[in-house]
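Novice: Residue numbers (full-length UniProt numbering), protein chains in the order written: chain W, 1 to 429; chain Z, 1 to 429.
Below you'll find the structure I mean.
So this is what it looks like as structure tokens:
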């Protein structure tokens with residue numbers, strides 16, 4: 001990264017720790033204020049954010065140009081991720097407006113009841129507090145993540161990839177301007193002051209100021225965060241998703257679903273990576289399914305039974321079953337019915353999204369009960385694993401952990417709760 | 001700890017890691033089976049556990065005698081915690097029966113809806129999986145924790161304090177016998193094979209096999225677990241709870257509540273540690289309140305204003321405001337109304353349980369909205385912070401974290417969920 005791309009010169013260890021702490025402190029102070037802001041105030045701030053992004057489009061694009069120049073060595077895919085243009089800036093503003101239109105989750109009474117001693121107990125939704133989000137060099141995530149956090153009354157500390165530092169900085173400046181104009185604290189969106197790994201290390205120590213850390217991106221980043229963090233982590237790990245075509249599947253439906261699950265978009269975490277096919281139908285179903293995939297440009301890797309059915313299939317090795325390709329490659333395995341499919345998925349899957357195609361309700365019920373994943377789908381495409389497709393509005397990712405939130409993480413999943421107990425002088429016997 | 005008290009000789013590092021891993025693997029295999037067991041099967045196993053504890057009472061008491069002999073150097077309070085007798089064994093069996101009678105949380109449809117494309121989405125309660133519980137030398141927790149985990153379909157890995165190793169081992173043997181007799185896997189209750197810190201260190205690395213770790217007990221243990229663990233932690237930290245007596249409080253109610261909140265039981269996490277009193281009423285309310293406390297045997301520490309009202313009050317220093325005494329000691333401070341009370345609590349409290357006594361609904365509403373704690377109480381005693389008192393049945397503790405579970409952690413809080421998506425061939429456009 002060029003020196004020009006750094007928000008400020010790199011300080012020594014103690015100064016770094018102090019500056020990261022100051023950022024987190026500002027966020028925590030803002031979170032206290034945000035938790036008391038009304039839904040209408042937060043909605044107004046979100047609308048102002050969208051407007052500020054539109055107004056500052058030229059500034060944001062100029063900052064992005066700087067990033068693109070510095071990023072000349074990146075792969076085309078990474079450059080495409082980093083690149084902004086007028087329509088992408090407009091999409092970002094629209095995304096923030098959509099979050100502004102989401103139902104406000106705060107204050108909702110999740111449950112309430114009376115005790116025999118007359119105490120009234122209510123469980124009420126409250127913000128989590130301060131959320132740190134560590135993400136790839138995707139400038140739009142800066143706006144998306146900040147907006148979703150604000151909808152749920154949380155302050156956000158953002159740490160995007162180094163390559164996007166100027167773009168993210170310009171977007172952040174717009175968001176802060178909007179917050180200020182609506183009277184909410186600018187500390188509601190903060191970013192890590194220095195763009196290096198040591199700053200993230202300091203951040204992950206601040207469990208007295210930060211309530212949750214959400215890492216997005218590569219598996220190694222996420223594992224590093226999970227290993228280092230003293231703060232609770234909402235993991236967005238890899239999606240090694242499977243589609244299992246059962247012996248009782250309708251062939252036309254299976255072809256349509258497999259092709260979509262693998263090839264609609266290969267780079268998303270809900271894309272199918274391994275196809276499992278019931279031995280009962282492998283000889284008749286696999287040839288057309290494999291042909292669809294090959295014609296769509298998919299590389300085929302398979303076990304020996306699959307290979308025997310199509311000369312384009314290369315032999316899969318053991319690591320293929322554990323690989324999230326995020327690419328036009330599929331691993332294919334013939335299995336002995338739903339039981340072997342479930343066993344294979346529970347061994348090799350990443351607990352993200354798993355699908356079965358079958359007309360046999362009993363097999364489907366078994367699969368849905370026994371597969372250990374956040375999302376289990378019957379007769380549809382794994383590519384539906386998405387907060388928007390679930391009707392939850394925007395999402396910050398898909399959680400593969402079991403604690404707090406599993407599956408799509410939207411505004412509601414970015415909340416906690418508290419118990420409000422109302423009495424009339426009761427003491428405990 | 002004597003050599004006799006160890007379950008087995010202390011192995012070297014690699015062997016230790018392997019033996020801890022084998023325990024966790026057995027628990028994970030059992031968890032898969034448990035998640036498919038019916039509510040009736042788990043209820044039957046819980047009832048069999050209670051019966052086994054009763055049948056094995058003599059064995060359990062003999063094991064406890066061994067622990068008590070080895071524990072001769074402990075303080076009376078710790079010895080009392082460790083000691084079992086016939087009535088405590090019976091109470092343990094009864095506790096397990098109560099868990100057997102709790103509503104089963106699994107399979108519950110938490111929400112369901114249809115999408116415009118015809119997909120049906122349901123969020124359904126499932127077990128967390130494998131829960132590791134690290135606790136004090138309280139033998140009864142072995143049965144309580146195992147039972148609550150089983151009610152929610154989870155396997156438990158238990159690690160009680162060293163001093164209780166024989167008692168816990170005997171109780172565990174009874175529980176396993178009961179599981180076996182009802183056809184559920186014995187791996188549903190496991191314990192760490194070796195009683196030393198290194199074994200806990202190995203356990204905390206196993207994020208591929210263990211889903212949650214719940215540390216109970218001292219602050220230093222919990223902080224060590226939070227710092228070291230790669231597994232998500234449900235923290236049960238200290239309860240530095242406050243009772244604030246507002247200027248609009250009824251004096252008789254305030255006296256009754258403060259005395260109960262502090263002195264009913266001083267060793268529980270919901271006991272009030274600091275009393276805050278509104279300056280408007282300090283001169284008239286504090287003398288009788290302090291007198292009640294002193295007569296009940298409570299040591300009084302306070303700020304200079306409090307001291308001026310009662311000669312028995314010694315001057316509190318800065319650490320008093322941050323201390324969970326768990327003893328008959330109270331810190332007392334005069335504050336400038338509800339705003340200063342909230343600020344003091346949010347600065348010094350541990351986000352556990354906080355109470356306000358007032359007849360002013362506006363002050364109460366402000367306190368309940370702005371105090372950042374799992375439980376906020378109006379006109380009642382902080383000692384009600386308890387899963388049983390909340391009507392949730394047994395609890396494993398009070399969570400002071402904001403993620404996943406806040407406040408009492410009962411069977412429902414020991415669950416996760418999964419999304420079941422049912423389609424008819426839909427693919428994503």
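Glycine included, C-beta positions come from ideal geometry on N, C-alpha and C.
1. Give a yes or no on whether the minimum CB-CB distance between residue 285/Z and chain W is below 9 Å.
2. Name the residues in the segment 350-366 of chain W whose C-beta lies less than 7 Å from a C-beta of chain Z; which are they?
3. Report yes if the CB atom of residue 422/W is closer than 9 Å to the CB atom of residue 119/W, and no otherwise.
4. What span of residues does the alpha helix (DSSP H) with residue 241/Z cover, start to end?
5. Could you tell me whether the Cβ of residue 103/W comes closer than 9 Å to any Cβ of chain Z?
6. Does the count of Cβ pairs from the segment 222-238 of chain Z and the segment 194-212 of chain Z closer than 8 Å reach three?
7. Do the segment 232-244 of chain W and the segment 332-344 of chain W make contact, defined as three or more Cβ pairs closer than 8 Å?
8. Are the beta-carbon atoms belonging to residue 20/W and residue 193/W less than 9 Å from one another?
9. Under 9 Å between the Cβ atoms of residue 12/Z and residue 92/Z?
10. Which residues in the same chain as residue 1/Z place their Cβ atom closer than 8 Å to its Cβ, once the five residues preceding and following it in sequence are excluded?
11. What's the call for residue 319/Z, buried or exposed, on a 16-neighbour Cβ count within 10 Å?
12. Closer than 7 Å, Cβ to any Cβ of chain Z: which residues of the segment 129-155 of chain W, in chain order?
13. Flag this pair as yes or no: are the beta carbons of residue 376/W and residue 420/Z separated by less than 9 Å?
14. Given residue 345/W, which residues of its chain have a CB within under 6 Å of its CB, disregarding the five upstream and five downstream residues?
15. Going by C-alpha to C-alpha distance, which of 156/Z, 234/Z and 68/Z sits closest to residue 25/Z?
16. In the segment 412-425 of chain W, which residues sit with their C-beta less than 7 Å from some C-beta in chain Z, listed in chain order?
17. Roughly how many angstroms lie between the CA atoms of residue 430/Z and residue 281/W, to the nearest whole one?
18. Look at the Cβ atom of residue 50/W, then the Cβ atom of residue 186/W, and state whether they are nearer than 9 Å.
19. Do you know offhand how far residue 430/Z's Cα is from residue 412/Z's?
20. Could you tell me whether the Cβ of residue 32/Z comes closer than 9 Å to any Cβ of chain W?
21. Which one or two residues does DSSP pair with residue 112/W in a beta bridge?
22. How would you call residue 321/W, buried or exposed, if buried means at least 16 neighbouring beta carbons within 10 angstroms?
23. Say whether chain Z places a C-beta atom closer than 9 Å to the C-beta of residue 370/W.
24. Give the straight-line distance between the Cα atoms of residue 265/W and residue 428/Z, rounded to the nearest whole angstrom.
25. Give the C-beta separation of residue 150/Z and residue 188/Z to the nearest angstrom, bearing in mind that I take them to be a contact with Cβ-Cβ under 8 Å.
26. Within the same chain, show all residues whose beta-carbon is closer than 7 Å to that of residue 59/W, passing over the 5 residues directly before and after it, in chain order.
27. Mind pulling the chain W residues with CB within less than 7 Å of residue 404/Z?
28. Name the chain Z residues whose beta carbon is nearer than 8 Å to that of residue 201/W?
29. I want to check one thing, is the minimum distance from the CB of residue 123/W to the heavy atoms of the ligand ADP below 8 Å?
30. Would residue 273/W be called buried (16 or more neighbouring beta carbons within 10 Å of its own) or exposed?
31. What are the residues that DSSP puts in a beta bridge with residue 165/W?
32. Taking DSSP as the reference, what is the three-state secondary structure of residue 417/Z?
33. Give the DSSP-derived three-state secondary structure of residue 194/Z in the structure shown.
34. Step through the CB atoms of chain Z and report whether any lies within less than 9 Å of the CB of residue 407/W.
35. Please report how far the alpha carbon of residue 6/Z lies from the alpha carbon of residue 78/Z, in whole angstroms.
36. Within its chain, find whatever has a CB closer than 6 Å to the CB of residue 314/Z; leave out the 5 residues flanking it on each side and keep chain order.
Specialist: With the given structure in hand:
1. no
2. none
3. yes
4. No alpha helix (DSSP H) contains residue 241/Z, which is instead part of the beta strand (DSSP E) from 241-245.
5. no
6. yes
7. yes
8. Judged by beta-carbon spacing, residue 193/W lies within the 9 Å limit of residue 20/W, meaning their Cβ atoms are closer than that value.
9. no
10. Residue placement at residue 1/Z is poorly supported in this model, since its pLDDT is 36, which falls under 50; the coordinates are not used for a value here.
11. exposed
12. 129
13. Pairing residue 376/W with residue 420/Z gives a Cβ-Cβ distance under 9 Å.
14. 242, 354 and 371
15. For the residues 156/Z, 234/Z and 68/Z, the minimum Cα distance to residue 25/Z belongs to 156/Z.
16. Result list: 416, 417, 418, 419, 420, 421, 422, 423, 424 and 425.
17. Because chain Z spans 1 through 429 in this model, residue 430/Z falls outside it and cannot be assessed.
18. No, they are not a contact pair.
19. This structure leaves residue 430/Z out entirely; chain Z is present only between 1 and 429.
20. yes
21. 122/W
22. buried
23. yes
24. 10 Å
25. 6 Å
26. 170
27. 403 and 404, listed in chain order.
28. Those within 8 Å of residue 201/W in chain Z number zero; the least Cβ separation is about 14 Å.
29. As for the ligand ADP, it is missing from this structure, which has no ligand bound.
30. buried
31. Per DSSP, none; premise fails for residue 165/W.
32. Strand, per DSSP.
33. coil
34. yes
35. Low confidence applies here, because residue 6/Z scores a pLDDT of 47, under 50, leaving its location unreliable; read the following figure in that light. Using only the alpha carbons, I get a separation of about 20 Å.
36. Cβ neighbours of residue 314/Z beyond the five flanking positions: 301.
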